[in-house]
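Residue numbers (my numbering), protein chains in the order written: chain D, 5 to 249; chain E, 15 to 377. All C-beta atoms, glycine included, are put in the ideal place defined by N, C-alpha and C. Reviewing the structure listed below.
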Ligand code: SF4
Ligand code: SF4
C-alpha cells in the first residue's frame with residue numbers, strides 16, 4: 005500500500021451519502037484498503053462461519069459501506085458486529101480483496117468509544133483487567149471448571165492439580181510457573197504497557213465500558229510512578245547517547 | 015486421501031505469473047530504512063530461505079531466537095512453550111525467554127474492540143524493541159500474535175501518520191521504532207529445521223511416529239489476515255511439512271479451510287457458536303479420515319479442538335482426536351517425556367491412546 009492511496013469508490017460516497025456512523029467508520033484508514041467495489045457474489049458469505057449461524061453477512065457489511073446505508077450500518081453497530089469471528093476468511097477469498105473483517109474491527113472500536121458495547125463486553129472484565137494490570141491476557145486461574153463446564157471432566161482434574169503439574173513442567177524456567185497470569189512480566193514492563201494504553205488514548209476508551217478499571221490502573225501507576233519514571237529517564241538518556249554515537 | 019506436501023507447492027499456489035499484483039513489503043521497508051524513516055532489526059546468524067507468495071524468499075533465522083510467548087499457550091496449553099524450548103535445547107539453539115515482554119494484546123483487541131491501532135502497534139513495537147536491544151531475532155509462539163505483527167508491520171510501513179504516533183509513544187518510554195526484517199512464527203522455524211530435527215530424532219520414537227495418520231488445521235490469523243507472507247504460498251504447508259518429514263501420513267479433508275470457531279470472543283461468551291463450528295469440522299474429519307491426531311500451530315485453534323470434543327456427546331457425536339502442536343510432535347520425536355517435557359497431560363481430549371500407539375510410556 006502506498007502512502008497517499010486514494011480510493012475513488014469510498015471518496016464518492018464520503019461526499020454524498022451516509023450518516024454519523026458511516027462518517028466515523030470512514031475515518032479509519034484501514035477502510036480504504038478494505039473496500040474495492042463489490043460483485044455481490046457471496047463468496048465471502050459462503051466462507052463465513054458467522055453467516056452460517058447468525059443473521060449476519062460480510063457481503064452486507066461491504067454493501068452497506070459502499071452504499072452509505074446508515075440504517076443497516078446502525079443495525080450492525082448496535083449488535084450484529086459482535087457476531088463476526090474475526091477469522092478473515094472473507095478477506096482471503098473475496099475476488100475484490102475486500103475485508104469485512106477489518107471494517108467490523110473499525111466498527112467495534114467505534115462501538116466501544118460511543119458506549120454501545122456494554123452488553124457485548126459483559127463477561128469480559130477479567131480479561132481487560134489482566135491486560136491492564138499484568139501485561140498479559142490469560143491466567144491458568146481463569147480456566148476454572150465452573151466457568152467452562154462444557155470442557156469436560158478432565159478440566160476438573162487439571163484444575164486441582166495444575167500447581168504440581170506446572171512445577172514439574174517448568175522446572176528450571178523462571179517466571180513460567182505462575183497461575184494468576186500467563187507469565188511473570190516484570191513490574192517495569194507492566195508499567196510500560198500501562199503507559200502505552202494511557203498515551204495512545206486507549207485507556208480513556210476503556211473507561212466508557214469499565215470506568216472502575218481506569219481507576220485501578222491509574223492508582224497502580226501512581227504507586228509505582230516515581231521509581232519507574234526514573235528508570236524511563238535513564239533509558240531515554242541511553243537512547244540519546246547511542247543516537248549521538 | 016493422503017497427499018505429499020510438495021503437491022500443494024504448485025505455481026498457482028504461489029501466485030506466479032500474477033506479478034502485476036506483487037506486494038513486496040521487504041522492498042518498501044528497505045526504502046523507508048534508506049530514508050531514515052524506520053530502523054530494521056536485521057537477521058542475526060544463519061538463516062534458511064523459504065518461498066512465500068509470488069516466489070518471494072522469506073528468511074527464517076536458525077539461531078538466536080527471542081521467544082515471544084503466547085498468553086493462551088502459557089496459561090492453557092503450557093506444553094507448547096515448553097516443547098518450543100525443548101526442541102531448541104536439543105538442537106543447541108540459543109534462545110531468550112524474556113520476562114520484560116508483554117502479550118501482543120491482539121486477542122483482547124479482536125474480541126472486544128478495547129484498545130486502538132496506536133496502542134496495538136506500540137505494544138508490538140515495544141516487544142520488537144526488546145528483542146533488538148537484547149540482540150536476538152524476534153520469533154513468535156502464537157498465531158494471533160503472528161497475524162497481528164504481520165498486520166502491524168504492514169500498517170506501520172504503509173502509514174506515516176500511524177508511524178509518527180507510535181514513535182511518539184515509544185519515545186516516552188525511551189524506545190524507538192525498529193521493525194524486524196522478518197516476522198516469523200515458531201512453526202515456520204520448526205519447518206525450516208525439519209531435516210535437523212529428523213537427523214537428531216530418537217530412532218525408536220520415529221518408529222512410533224511412522225505411519226500415524228493426521229490432519230492439519232492452521233489458525234486463520236496464520237494465513238488469512240495477511241496472506242502474502244506465509245511459507246508455502248496461498249495455502250500453508252509448515253505443519254504438514256514437518257510432520258511428513260518425521261514420517262506422519264498427512265491426510266486431506268474437505269473442511270481444512272474453515273475457521274475452528276474460536277472467534278476470540280465466542281470462546282468466552284458465545285461457546286454455542288464455537289461448538290457448532292467445531293462439529294462441522296470434526297464431522298468432516300471423522301467421516302473423511304478418522305485420523306490418529308489433529309495437528310495444529312495456533313493457540314486458539316488448539317484450545318478449541320482440544321476443549322470442544324467432549325461436549326459433542328450432547329449432539330450424539332463421539333470424537334476423540336488428540337490435538338498435538340507441531341512443536342510437541344518435534345519434541346516427542348527428539349525424545350521428550352510426553353508429560354514432563356511436552357506437557358501433553360494438560361490437554362483435555364485424552365492423548366493416552368495416541369501415546370500407546372506410538373509406544374511411548376507416560377507414567
Ligand atoms: S466476496 Fe467480495 S465481491 Fe463477493 S460479495 Fe463478498 S465482498 Fe462482495
Ligand atoms: S472475519 Fe467475520 S465476516 Fe469475515 S468470514 Fe470471518 S466471521 Fe465472517
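Query, Result
"Excluding sequence positions up to five away, which residues of its chain have a Cβ less than 7 angstroms from the Cβ of residue 217(D)?", "132, 133, 136, 210"
"Would residue 312(E) pass as an interface residue toward chain D - the criterion being a Cβ-Cβ separation below 8 angstroms?", "no"
"Which residues in chain D sit within 8 angstroms of residue 130(E), going by Cβ to Cβ distance?", "113, 204, 205, 206, 209"
"Whose Cβ in chain E lies nearer than 9 angstroms to the Cβ of residue 197(D)?", "116, 117, 119, 137, 140"
"Which residues in the same chain as residue 373(E) place their Cβ atom closer than 8 angstroms to its Cβ, once the five residues preceding and following it in sequence are excluded?", "218, 221, 222"
"According to DSSP, residue 126(D) sits in a beta bridge with which residue or residues?", "BP columns for residue 126(D) are empty, so no partner."
"Assuming residue 200(D) is part of the alpha helix (DSSP H), what are its boundary residues?", "191–203"
"I want to know whether the region 310–326 of chain E touches the region 226–233 of chain E - three or more CB-CB distances under 8 angstroms.", "yes"
"Do the CB positions of residue 89(D) and residue 54(D) come within less than 8 angstroms of each other?", "yes"
"Which same chain residues end up closer than 8 angstroms to residue 190(E) when comparing Cβ atoms and leaving out the 5 residues on each side of it in sequence?", "53, 143, 181, 184"
"Please state whether DSSP places residue 33(E) in a helix, a strand or coil.", "For residue 33(E), the predicted structure reports a pLDDT of 42, less than 50, and the residue's modelled location is therefore unreliable. The matter cannot be settled from this model."
"Judging by CA-CA distance, which residue of 127(D), 225(D), 246(D), 60(D) is the nearest neighbour of residue 282(E)?", "127(D)"
"Quick check on residue 149(E) - is its C-beta less than 8 angstroms from some C-beta in chain D?", "no"
"Using the beta-carbon count (16 or more within 10 Å), is residue 258(D) buried or exposed?", "This structure does not reach residue 258(D), given that chain D is present from 5 up to 249, and the question cannot be answered."
"Give the single residue among 165(E), 242(E), 267(E), 246(E) whose Cα lies nearest to the Cα of residue 138(E).", "165(E)"
"Closer than 6 angstroms by C-beta to residue 125(E): which residues in its own chain qualify, once you throw out the five before and the five after it? Chain order, please.", "278, 279"
"Alpha carbon to alpha carbon, how far is residue 95(D) from residue 205(E)?", "26 angstroms"
"Does the CB of residue 166(E) have a neighbour CB from chain D at under 8 angstroms?", "no"
"Closer than 7 angstroms between the C-beta and any heavy atom of ligand 2: which residues qualify, listed along the chain?", "48(D), 51(D), 52(D), 53(D), 54(D), 55(D), 62(D), 65(D), 88(D), 89(D), 90(D), 91(D), 92(D), 93(D), 94(D), 95(D), 104(D), 105(D), 108(D), 273(E)"
"Around the Cβ of residue 315(E), are there at least 16 other Cβ atoms within 10 angstroms (buried) or fewer (exposed)?", "buried"
"Relative to the C-alpha of residue 106(E), which candidate in 114(E), 119(E), 78(E), 132(E) has its C-alpha closest?", "78(E)"
"By the three-class DSSP mapping on this structure, what secondary structure does residue 2(E) have?", "The structure shown does not extend to residue 2(E), since chain E is modelled only from 15 through 377, so no value can be given for it."
"Taking one C-beta from the region 48–67 of chain E and one from the region 77–97 of chain E each time, how about it: are there three or more such pairs within less than 8 angstroms?", "yes"
"Please confirm whether residue 72(D) and residue 21(D) have their CB atoms less than 8 angstroms apart.", "yes"
"Can you name the residues of chain E whose CB is closer than 7 angstroms to the CB of residue 141(D)?", "85, 117, 119, 121, 122"
"Going by CA-CA distance only, name the one from 254(E), 295(E), 305(E) that's closest to residue 344(E).", "254(E)"
"How is residue 365(E) classed by DSSP in three states: helix, strand or coil?", "coil"
"Would you mind telling me which residues of chain D sit closer than 8 angstroms to residue 282(E), beta carbon to beta carbon, in chain order?", "127, 128, 131"
"In angstroms with no decimal places, state the Cα-to-Cα distance between residue 7(E) and residue 365(E).", "The displayed coordinates of chain E run from 15 to 377. Any statement about residue 7(E) would go beyond what the structure contains."
"Expressed to the nearest angstrom, what Euclidean distance is found between the alpha-carbon atoms of residue 23(D) and residue 286(E)?", "34 angstroms"
"Would you say residue 102(E) lies against chain D (beta-carbon separation less than 8 angstroms)?", "no"
"Could you tell me whether the Cβ atoms of residue 142(D) and residue 213(D) are closer together than 8 angstroms?", "no"
"Which residues, taken in chain order from the region 89–101 of chain D, show a beta carbon closer than 8 angstroms to some beta carbon of chain E?", "89, 90, 91, 92, 93, 95, 96"
"Starting from residue 379(E), trace the alpha helix (DSSP H) both ways and give me its first and last residue.", "Since the first and last residues shown for chain E are 15 and 377, residue 379(E) lies out of range."
"How long is the line joining the alpha carbons of residue 95(E) and residue 74(D), rounded to whole angstroms?", "46 angstroms"
"Can you list, in chain order, the residues of its chain whose CB lies under 7 angstroms from that of residue 320(E), leaving out five sequence neighbours each side?", "337, 361, 362, 363"
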